[in-house]
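Quick mapping for you: the protein sequence lines, in order, are chains A and B. So for the first sequence, our numbering puts the first residue at 27; every next one is plus one. So for the second sequence, our numbering puts the first residue at 9; every next one is plus one. Using N, Cα and C, we set each Cβ at its ideal position, and we do this for glycine too. This one's a predicted model, so the numbers in the text were calculated from it and none came from an experiment. What follows is one structure encoded as structure tokens, with my remarks underneath.
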Amino acid sequence: MAENDGNGVVKKVPVWITSDGSVFLTEDDATRYQESQDRGNKEAQVFRDGQKNLSTGANNLTKVNGYYRMVNGEFFGTNNVYDALTSLVIDTPESTLKLIKSVDGGG
Amino acid sequence: MAIKQSTRFETTDGTLYTSEKDAQRAQEGLNNRDRKSFRLKTWEDFVNTQLEEGSEEIQKIYGNLKRGNYGLLDSKGIFERLWLGTINDTRLNQRLDYEKLLTTIIGNDETHIKADGVYDLVIDKGAKTIMSRGKEGTSLSAIVGGDNLTLAASPGGFTMTNSGVTIIGTAQFVENRWSVTHKEILYTVTWQAGE
Numbered sequence: 027m028a029e030n031d032g033n034g035v036v037k038k039v040p041v042w043i044t045s046d047g048s049v050f051l052t053e054d055d056a057t058r059y060q061e062s063q064d065r066g067n068k069e070a071q072v073f074r075d076g077q078k079n080l081s082t083g084a085n086n087l088t089k090v091n092g093y094y095r096m097v098n099g100e101f102f103g104t105n106n107v108y109d110a111l112t113s114l115v116i117d118t119p120e121s122t123l124k125l126i127k128s129v130d131g132g133g
Numbered sequence: 009m010a011i012k013q014s015t016r017f018e019t020t021d022g023t024l025y026t027s028e029k030d031a032q033r034a035q036e037g038l039n040n041r042d043r044k045s046f047r048l049k050t051w052e053d054f055v056n057t058q059l060e061e062g063s064e065e066i067q068k069i070y071g072n073l074k075r076g077n078y079g080l081l082d083s084k085g086i087f088e089r090l091w092l093g094t095i096n097d098t099r100l101n102q103r104l105d106y107e108k109l110l111t112t113i114i115g116n117d118e119t120h121i122k123a124d125g126v127y128d129l130v131i132d133k134g135a136k137t138i139m140s141r142g143k144e145g146t147s148l149s150a151i152v153g154g155d156n157l158t159l160a161a162s163p164g165g166f167t168m169t170n171s172g173v174t175i176i177g178t179a180q181f182v183e184n185r186w187s188v189t190h191k192e193i194l195y196t197v198t199w200q201a202g203e
């Protein structure tokens, strides 16, 4: 940047602002950042949707097998996670498969 | 004395019944027993495979699981990592592996068998059959009722017959396992009446 000799004037500078308010001096940088944000947001949304489906599905299945409570971090007795996984796989595989598939909105 | 033909009903443990109802009742008991042990073995094999062949992270998770190291507050995170894990520190995602595992377990009644060894193939209401290792596109050998048989696992299906059993169906080698579907089982017992 040149030294101001005291007669400096305001210069209009184009900037690019992304959806979260970040400011970039080049369109390329802004686009790259925005795409990265979009990917992250989309991935996070997919995760949240899957998390919600997993949680809701597990709640609905607790009458089929009490161990589904553990999918939501609700414990009972002295059982551990391995016991829960084993039971969900061996005792109620159909419901577990349905639950897993529901993560993607299916099932 | 003339030869007389009749029918018996054989359960998968080889017992013959004169009453179909009795055979079915006995078979239900056998199925419950065998289904449980099959499921448990399949699950234990799955976990052992993760422990032996999984990535470092997977080996760590399953090692801790088996040792009971995950406590009350960990379960939600563990289930999400195994069945969901799509972002950041929860990238581990074994959903597809679990889908395969569960499909195998559920598909037990559909007579799915592995190809890397000798496995029992129990066909519903049919004879106990042992299928042995085969390669894709080649033959599949089987022991039916004590007799060695070789069948061609062609796309068009197969027919294998021994003295008392005819099984008609299709066999496909898919993802390292034989998938055998029977369409029809004809089972007859013949014997010569005594003097």
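Assumed close pair residue i, residue j - CB separation to whole angstroms, cut-off 8 Å
i, j, result
"Gly99 (chain A)", "Ser83 (chain B)", "5 Å"
"Gln77 (chain A)", "Leu92 (chain B)", "6 Å"
"Val129 (chain A)", "Ile113 (chain B)", "Wrong, their Cβ atoms sit about 19 Å apart, outside the cutoff."
"Leu87 (chain A)", "Ser121 (chain A)", "5 Å"
"Gln63 (chain A)", "Asp46 (chain A)", "6 Å"
"Gly37 (chain B)", "Asn106 (chain A)", "Actually they are not in contact, since the Cβ atoms of Gly37 (chain B) and Asn106 (chain A) sit about 32 Å apart, beyond 8 Å."
"Tyr78 (chain B)", "Ile86 (chain B)", "6 Å"
"Leu110 (chain B)", "Pro119 (chain A)", "5 Å"
"Tyr106 (chain B)", "Ile43 (chain A)", "That belief does not hold up - the Cβ atoms of Tyr106 (chain B) and Ile43 (chain A) are roughly 43 Å apart, past 8 Å."
"Gln35 (chain B)", "Thr15 (chain B)", "No, Gln35 (chain B) and Thr15 (chain B) are not in contact; Cβ-Cβ is about 16 Å, not under 8 Å."
"Val41 (chain A)", "Val49 (chain A)", "5 Å"
"Glu28 (chain B)", "Phe46 (chain B)", "So it is not a contact: roughly 25 Å between Cβ atoms."
DSSP state of residue i mapped onto helix, strand, coil
i, result
"Phe101 (chain A)", "coil"
"Lys89 (chain A)", "coil"
"Gly32 (chain A)", "coil"
"Val49 (chain A)", "strand"
"Leu100 (chain B)", "coil"
"Tyr108 (chain A)", "helix"
"Gly83 (chain A)", "helix"
"Tyr78 (chain B)", "coil"
"Gly76 (chain A)", "helix"
"Ile151 (chain B)", "Here the model assigns Ile151 (chain B) a pLDDT of 45, short of 50, so the residue's position is not dependable and the matter cannot be decided."
"Lys38 (chain A)", "coil"
"Gly66 (chain A)", "helix"
"Phe46 (chain B)", "helix"
"Gly131 (chain A)", "coil"
"Asn56 (chain B)", "helix"
"Ile116 (chain A)", "helix"
"Asp117 (chain B)", "Annotation note: pLDDT 38 at Asp117 (chain B) (below 50); position unreliable, no value reported."
Start-to-end residues for the alpha helix (DSSP H) that takes in residue i
i, result
"Lys124 (chain A)", "119-128"
"Gln67 (chain B)", "64-75"
"Thr111 (chain B)", "103-114"
"Gly85 (chain B)", "83-91"
Those residues which DSSP pairs with residue i across a bridge
i, result
"Leu24 (chain B)", "B:Glu18"
"Ile43 (chain A)", "A:Val49"
Worksheet item: Which residues, taken in chain order from the stretch 54-66 of chain A, show a beta carbon closer than 7 Å to some beta carbon of chain B?
Response: none
Discussion item. Along the stretch 109-123 of chain A, where does the CB come closer than 8 Å to a CB of chain B? Name the residues.
Written reply: Ala110, Leu111, Thr112, Val115, Ile116, Pro119, Glu120, Thr122, Leu123
Worksheet item: When you check each C-beta in the stretch 69-96 of chain B against every C-beta of chain A, which residues fall closer than 7 Å?
Response: Leu73, Lys74, Gly76, Tyr78, Leu80, Leu81, Asp82, Ser83, Lys84, Ile86, Phe87, Glu88, Trp91, Leu92, Thr94, Ile95
Fill in: Selection of the stretch 69-90 of chain A by Cβ proximity to chain B, strictly under 7 Å
Within the stretch 69-90 of chain A, the residues whose Cβ lies closer than 7 Å to some Cβ of chain B are Glu69, Ala70, Val72, Phe73, Gly76, Gln77, Leu80, listed in chain order.
Practice prompt. Pull out every residue of the stretch 33-61 of chain B whose Cβ sits closer than 7 Å to any Cβ of chain A, in chain order.
Written response: Residues of the stretch 33-61 of chain B whose Cβ lies closer than 7 Å to any Cβ of chain A, in chain order: Arg47, Leu48, Trp51.
Practice prompt. May I ask you to list, following chain order, the residues of the stretch 101-116 of chain B that have a beta carbon less than 8 Å from some beta carbon of chain A?
Written response: Considering only beta carbons, the part of the stretch 101-116 of chain B lying closer than 8 Å to chain A consists of Arg103, Tyr106, Glu107, Leu109, Leu110, Thr111, Ile113, Ile114, in chain order.
Item to complete: Taking only beta carbons into account, state which residues of the stretch 28-58 of chain A come closer than 7 Å to chain B, listed in chain order.
Response: none
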